[in-house]
Amino acid sequence: MTSKGKYCGIPAGFEDDDDNSLDGLLCSSQNLKITVVPDITTGAGLNGEDFDKTLSPEMDNWFEDFKETFGKCNRTPATQHQLKLVLIRDPQPLLQALRLFASSPGCNYLKNKNMALFILESVCELYKQHPTIEASCDDNTRMVAFNFVKTCGIVPLYKAVTETYQLHKIQNYLIPKLQKLLNDKFYRDAAYWSIFLNCTHIFGLFDLLLPLLLQDKINLAEEFLNVAKEQQLPTVQFLDSLLDRKKTVYENCDEILKKYNYSDVKHNILSYRPMSKLVTRLAKKYNINPEYTPNLKYSKSCSYLHYLYHKYQEGGMSLDSWRELAREEAKKSRALQLDLITRIVNAGDWDEANYWVQLYNIPLEECPPPLQMKMGKRDTADNLNDSSESSWDVATTTTTTTSVKTKTKYKHNPQTPQLQKDDYLKLQLPTESIILVDTKPKFLEMLQYLEQFLLIGFDSEWKPSVNNDNRVSLIQLATAERVYLVDCLSPNLDDESWKMMGRRIFNNLEILKLGFSLHYDLQMLHKSLPLQLNLQATSCYLDLRDLWRRLKYMQISPFPYQQISVAGESLCALTEMCLGKKLDKSNQCSNWANRPLRQDQITYAALDAHCLLQIYQVLAELLLRIGIDIDVLVEEITTSKSGYLFRSKAKNQSGPSATGYARNAHQNLSEWGHHKPKSNKAKSSTQTIRFLCDSMLIGLSKELRKLGLDSLEINEHKNDTQFYIDLARNEQRIVLTRDSRYLIFSRELGQTQCMDMPCDAIENQVIQILQYFQIHVDERHLFTRCLECNGNDFVLANRFEMQLMRFGQLHQDDNGSLSHDIKGTQKFWNLHKINDSDIQTKTTPKGNPIKLKRIKPFYLYNKDYFYICDNCGLCTWPEANKLNKVAMSYLSQTPAVAGAQGTSSTANTSN
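Here the sequence shown is numbered in the working numbering, starting from 6 and rising by one per residue.
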């Protein structure tokens with residue numbers, strides 16, 4: 006064979022090259038990978054037969070035209086309507102759709118805007134309109150439909166094809182196909198097909214569910230379990246077995262991984278915390294009894310005991326509270342007792358560890374090694390008087406490094422002064438004024454007594470629980486002279502008694518119930534007792550946390566003990582600010598289900614309710630000194646109404662004194678607050694005050710712009726706080742924000758330039774800003790700023806000019822004779838007429854594209870004039886934006902804006 010003959014397969018023109026070049030070319034060509042895309046019609050039929058996708062000559066001609074039309078118009082209603090008409094006229098529309106599908110480009114790889122996908126979606130839509138088209142479908146057609154889409158990955162299409170082609174009728178033929186998908190590692194597709202075909206029973210836990218979970222496809226696994234109910238319990242039990250502490254989760258699962266050779270395993274799921282969360286989630290979702298998840302139950306109990314000990318070591322629990330709760334939990338098993346003792350030993354608390362060893366009679370050989378050595382030293386005669394305990398170090402024993410860190414963590418800092426009992430707030434009531442209610446006669450006497458009062462303090466207590474199955478154990482109801490402790494566990498109080506309490510006390514609109522974080526207490530009461538609470542009657546409950554936040558926002562006066570450094574928004578902090586001393590919370594976390602209650606528990610429970618009345622009295626006196634009636638403020642909070650604080654008080658008075666009363670209140674507010682007006686005589690105007698509004702206050706900046714107020718907004722996606730601090734400082738803008746952002750800005754700018762906004766409705770926030778800064782809003786300021794960019798420069802265009810820019814032509818009834826003269830009050834803005842160049846380029850004078858498509862054609866035909874923002878191109882028209890009712894009600898008191906109208910509407914509706 007000649008040298009030239011052996012290269013018969015090379016391209017023309019290379020025959021005369023030297024052998025080395027040809028050898029290199031052949032080596033390169035051998036490394037090329039050519040993927041052969043199989044014809045989807047091959048073996049697509051019921052018995053592995055090929056599918057005939059041949060179209061009739063008429064259909065073929067139509068289909069060529071349709072492909073050209075689809076290439077131009079893509080997915081339009083008209084295109085789909087045309088396709089549906091062709092299919093509905095065919096004697097076998099479902100079969101014809103498959104032929105068109107197989108003849109379409111991209112049928113091997115479906116994706117959005119794909120014509121093949123469009124054909125299948127259209128025939129499925131046609132089936133919904135005409136279900137009878139399925140009558141002509143045979144089993145072979147159903148099998149072809151399944152094979153065409155079985156691994157395309159488009160889940161909605163799986164479901165639609167299953168319904169349209171009634172695939173459940175060939176379920177027996179499809180089950181081997183699903184098994185093949187599973188063998189080929191198509192776990193996701195196999196799961197969805199088994200769900201839609203209602204044949205989840207063919208797959209076991211290790212066939213499908215576990216691979217899905219190991220791939221972190223938990224939502225899909227839950228969908229599968231929702232149908233495969235018989236697998237819920239076995240799945241949760243198996244996952245719980247992986248939580249056995251003797252090995253790691255990965256080690257417990259290693260044998261399964263090797264046996265089934267799972268691919269694409271997310272190893273993060275094979276850690277203890279993610280797996281315990283997964284077991285908790287599934288057990289809760291499917292209401293699995295905790296007895297079936299012993300490892301999770303043990304883990305939760307251990308974590309609970311560790312939490313209790315940590316809280317005790319940090320001083321948050323008394324010794325009695327700690328021990329009674331720990332005893333209740335640790336009695337469940339010897340393993341829990343040993344784990345608790347190990348935890349205490351690792352913290353270096355030898356006396357406490359010895360207490361638990363003696364309590365549970367733990368043999369010395371079962372104790373942790375450090376404790377064995379310690380107890381062994383004590384038992385040795387020659388070391389009996391050895392006092393060198395300081396030389397003892399847990400790190401010298403077999404304990405781990407983690408244990409040493411734990412020991413250091415729980416030590417109290419000797420530099421931190423520990424509060425004594427005298428440093429805490431004490432109950433200023435005699436012992437006989439604390440009444441434990443556990444019988445029916447006492448209960449009825451209590452109801453009769455409490456009904457005489459308009460104000461009572463309210464609190465509740467319950468025992469902490471591992472499984473969050475808490476139930477209220479005690480209700481505290483306090484007046485100035487008495488505190489009733491109602492025993493919710495007493496067998497002497499029946500359902501009728503609790504309904505009576507709900508009717509006569511809690512649902513009584515004439516009695517204001519004081520509380521702190523009332524939401525949680527009421528939620529627990531509603532769950533625990535048949536009080537039949539009317540949770541909609543919010544006017545008879547006052548959460549002191551809400552009142553506190555309102556006062557902090559108003560910034561009207563320092564609290565009596567404001568100089569005390571207090572962090573957070575707890576009742577303990579509020580008590581210290583109002584009464585000068587903290588609450589002793591060491592009994593808060595205790596066994597409230599235990600009977601009889603300890604005396605320190607009784608004292609704590611009574612004080613927790615009685616101090617609410619003392620705080621309320623302090624706040625009432627504080628407000629009274631500056632001329633504010635607390636009843637008016639309470640009504641605003643409890644009824645969720647907009648706060649016209651000073652005008653409300655003025656309405657209750659008559660003559661000149663009413664005006665003076667309101668004026669004095671404003672003056673006091675300015676004197677006590679951090680935000681003092683620039684002048685005590687003149688009000689601020691929309692032109693002299695500027696704001697920087699936090700994006701978390703959603704919608705506030707737009708409401709301020711409606712009033713003509715210069716209000717920039719902090720971009721939450723631009724994580725550059727310093728930029729906005731510099732902006733506020735340079736432009737003298739007042740920052741409106743809350744929470745941690747307020748602390749950041751106030752630290753840099755000072756409290757005089759920052760306002761801590763309360764959690765309130767937007768319209769209420771606007772009114773409070775106008776009142777606080779005494780802003781005068783002129784009618785000529787309204788709607789003079791762009792709601793989108795805060796711009797003040799606008800371009801005026803009439804209907805004729807807008808239609809030319811949008812459609813390139815005029816409406817047939819429009820003669821284009823509108824002038825640019827508009828009637829009405831002159832606005833305070835920069836308004837210019839649009840010119841021909843702007844119309845031709847469809848841009849503003851500043852070069853920004855005009856957002857014409859955001860206006861519905863209806864408005865372009867019916868509105869005479871349009872205002873285009875020069876900065877962003879946003880288009881509006883007269884009356885497109887309107888003030889909300891609350892703002893209009895407030896502004897209507899000002900003559901300058903009495904003519905404005907107010908209901909809320911949407912300015913720009915997308916087309």
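Just so you know, even glycine gets a beta-carbon here, dropped at the ideal spot from N, CA and C. All values reported here derive from a predicted model rather than from experimental measurement.
Cut-off 6 Å between Cβ atoms - residues of its own chain near residue i, not counting five sequence neighbours on either side
| i | result |
| --- | --- |
| Q845 | none |
| Y297 | Q242 |
| Y546 | K518, L523 |
| W198 | L183 |
| K302 | P295 |
Short Cβ contact (9 Å threshold) for residue i with residue j
| i | j | result |
| --- | --- | --- |
| C157 | L183 | no |
| C759 | Y747 | yes |
| R785 | D715 | no |
| L932 | N497 | As displayed, the chain neither begins before 6 nor continues past 916, which places residue 932 out of reach and without an answer. |
| L262 | V270 | yes |
| L88 | S127 | yes |
| L579 | F521 | yes |
| Y566 | G585 | yes |
| N835 | N797 | yes |
| V488 | I440 | yes |
| L122 | K116 | yes |
| V800 | C698 | no |
Helix, strand or coil at residue i [DSSP, three-state]
| i | result |
| --- | --- |
| T644 | helix |
| Y870 | strand |
| W1 | As shown, the chain starts at 6 and ends at 916. That puts residue 1 outside it, with no answer to give. |
| Y303 | helix |
| T47 | coil |
| H680 | Here H680 scores only 34 on pLDDT, less than 50, and its place in the model should not be relied on; the value that follows carries that caveat. If DSSP states are grouped into helix, strand and coil, H680 belongs with coil. |
| L807 | With the sequence shown as reference, residue 807 is identified as Met, and Leu is not the correct amino acid for it. Helix at M807. |
| H173 | helix |
| E581 | helix |
| S716 | strand |
| S478 | strand |
| M760 | strand |
| N673 | In this prediction, N673 has a pLDDT of 33, which is less than 50 and means its spatial position is unreliable; what the coordinates show is noted afterwards. Three-state result, N673: helix. |
| A483 | strand |
| K847 | coil |
| I439 | strand |
Chain-order list of residues whose beta-carbon lies under 7 Å from that of residue i (same chain, five-residue window excluded)
| i | result |
| --- | --- |
| F56 | T46, A49, G50, A107, V149 |
| L369 | Q377, M380 |
| Y255 | L275 |
| Q537 | K504, G507 |
| L247 | V254, N257, C258, M280 |
| L712 | T691, V782, H786, L787 |
| S478 | E466, W467, K468, C493, L494, W597, A598 |
Cβ-based neighbour list, residue i, same chain, cut-off 8 Å, excluding 5 preceding and 5 following
| i | result |
| --- | --- |
| L324 | Y317 |
| G200 | Here residue 200 is Ile; the residue named in the question, Gly, does not match the sequence. So the list reads E228, F229, V232, once near-sequence residues are dropped. |
| Q541 | none |
Residue i, enclosing alpha helix (DSSP H) - first and last residue
| i | result |
| --- | --- |
| R695 | That residue, R695, is in no alpha helix (DSSP H); its beta strand (DSSP E) goes 695-698. |
| D605 | 604-630 |
| V128 | 120-134 |
| L705 | 705-711 |
| L154 | In the sequence as displayed, the identity of residue 154 is Val instead of Leu. Unbroken alpha helix (DSSP H) run through V154: 144-154. |
Boundaries of the beta strand (DSSP E) in which residue i is found, first to last residue
| i | result |
| --- | --- |
| W489 | It is worth fixing the name first, because residue 489 is Tyr in this sequence and not Trp. Here the beta strand (DSSP E) through Y489 covers 488-492. |
| W467 | 460-467 |
| K532 | Segment 523-533 is the alpha helix (DSSP H) holding K532; no beta strand (DSSP E) there. |
| N835 | 835-838 |
| D356 | Unbroken run through D356 is the alpha helix (DSSP H), 355-364; no beta strand (DSSP E). |
Cutoff 9 Å: residue i Cβ touching any chain D Cβ
| i | result |
| --- | --- |
| L213 | Of the protein chains in the structure, only one exists, and it is not chain D. |
One or two residues paired with residue i in a DSSP bridge
| i | result |
| --- | --- |
| G520 | D548 |
| C372 | C372 pairs with nothing; no bridge assigned. |
| C880 | I873 |
| D798 | N835 |
| K587 | Y429 |
| V740 | L697, C759 |
| P62 | Note: P62 sits in no beta bridge, so no partner. |
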